[in-house]
Amino acid sequence: MARRARHAAQGRRRGGDHPRPGGRPVILTPEELAAIRRQASEEYPHESCGVIVTRGAERRVVRCRNAQNDLHASDPVRHPRDARTAYSIDPADLLRIGRLEGDGFSVAVIYHSHVDAGAYFSETDRRQALIGDEPLYPGAAYLVTSVMRGRVDSVAAFRWDAARGDFLPVDLAVSEPSSGRHAT
Numbered sequence: 488m489a490r491r492a493r494h495a496a497q498g499r500r501r502g503g504d505h506p507r508p509g510g511r512p513v514i515l516t517p518e519e520l521a522a523i524r525r526q527a528s529e530e531y532p533h534e535s536c537g538v539i540v541t542r543g544a545e546r547r548v549v550r551c552r553n554a555q556n557d558l559h560a561s562d563p564v565r566h567p568r569d570a571r572t573a574y575s576i577d578p579a580d581l582l583r584i585g586r587l588e589g590d591g592f593s594v595a596v597i598y599h600s601h602v603d604a605g606a607y608f609s610e611t612d613r614r615q616a617l618i619g620d621e622p623l624y625p626g627a628a629y630l631v632t633s634v635m636r637g638r639v640d641s642v643a644a645f646r647w648d649a650a651r652g653d654f655l656p657v658d659l660a661v662s663e664p665s666s667g668r669h670a671t
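When you read off a place in the sequence shown, starting at 1, and then add 487, the result is the number in the working numbering.
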């Protein structure tokens, strides 16, 4: 009974269900959320991007460079959007993430910002997160930060819901910091 009361106080339901349709909440430390918000503000008026990788209790925020302006400059027909309205993680950062995965880390969170727009999972975000009809990182959560006139307005979290075949909003929770967490 005590466990049920504790879970109810934390917003959990019996059987692992969660009140939001997308599933379990995304849990970040205050430092992780602050780093994501800071990066989004610093990179305005361009979209920011990065990931959080985990290995056991160890967590790392991996700030990435948005290469969308490079893509747009090299081929504006194929890449009509620039970094104000799109993001593409720089290939060097993708290699760095791949090396971390080779060292046993998993991509837990993929984040980016929207410039002067809301914190929603856009159709473009959805297309980029899928290979065919399946998510590229099925266990990863997605965070979208809304930056209005250079200031963070809101942050929203999304997870893949296999039953619905879509990314759905989930709660975003901030936990107390613990050991093994740092930014890279």
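A virtual CB, placed ideally from N, CA and C, is assigned to each residue, including glycine.
In chain order, what residues of the same chain have a beta carbon less than 6 Å from the beta carbon of residue i, not counting five sequence neighbours either side?
| i | result |
| --- | --- |
| A644 | V513, A628, L630, V657 and L659 |
| R646 | G509, G510, A628 and V657 |
| P532 | R571 and V602 |
| H559 | H566 and D569 |
| F592 | V540 and R542 |
Which class does residue i belong to by DSSP, given the choice of helix, strand or coil?
| i | result |
| --- | --- |
| E545 | strand |
| D557 | helix |
| E534 | coil |
| A573 | coil |
| E610 | helix |
| S662 | coil |
| L515 | strand |
| F592 | coil |
| P578 | helix |
| A627 | coil |
| R525 | helix |
| A616 | helix |
Using C-beta distances below 7 Å, list every residue in its chain close to residue i, excluding the 5 sequence neighbours before and after it, in chain order.
| i | result |
| --- | --- |
| V596 | V513, V538, I539, A627, A628 and L630 |
| M635 | D603 |
| F608 | Y629, V631, F645 and F654 |
| D620 | G652 |
Assuming contact is defined by CB atoms lying nearer than 8 Å, are residue i and residue j in contact in what I supplied?
| i | j | result |
| --- | --- | --- |
| H599 | S633 | no |
| Y574 | V594 | no |
| S662 | T516 | yes |
| A579 | V548 | no |
| A616 | S641 | no |
| R651 | S528 | no |
| Q526 | R546 | no |
Throw me the rounded Cβ distance for the residue i and residue j pair, which I believe falls under 8 Å.
| i | j | result |
| --- | --- | --- |
| N686 | E530 | With the chain running from 488 to 671 in the structure shown, residue 686 is simply not present. |
| C536 | I576 | 6 Å |
Keeping to the same chain, check which residues put their C-beta closer than 8 Å to that of residue i; ignore five residues upstream and five downstream.
| i | result |
| --- | --- |
| E588 | V540 and V594 |
Answer yes or no: does any C-beta atom of chain C fall closer than 8 Å to that of residue i?
| i | result |
| --- | --- |
| A570 | Among the chains of the structure shown, chain C does not appear; only one protein chain is present. |
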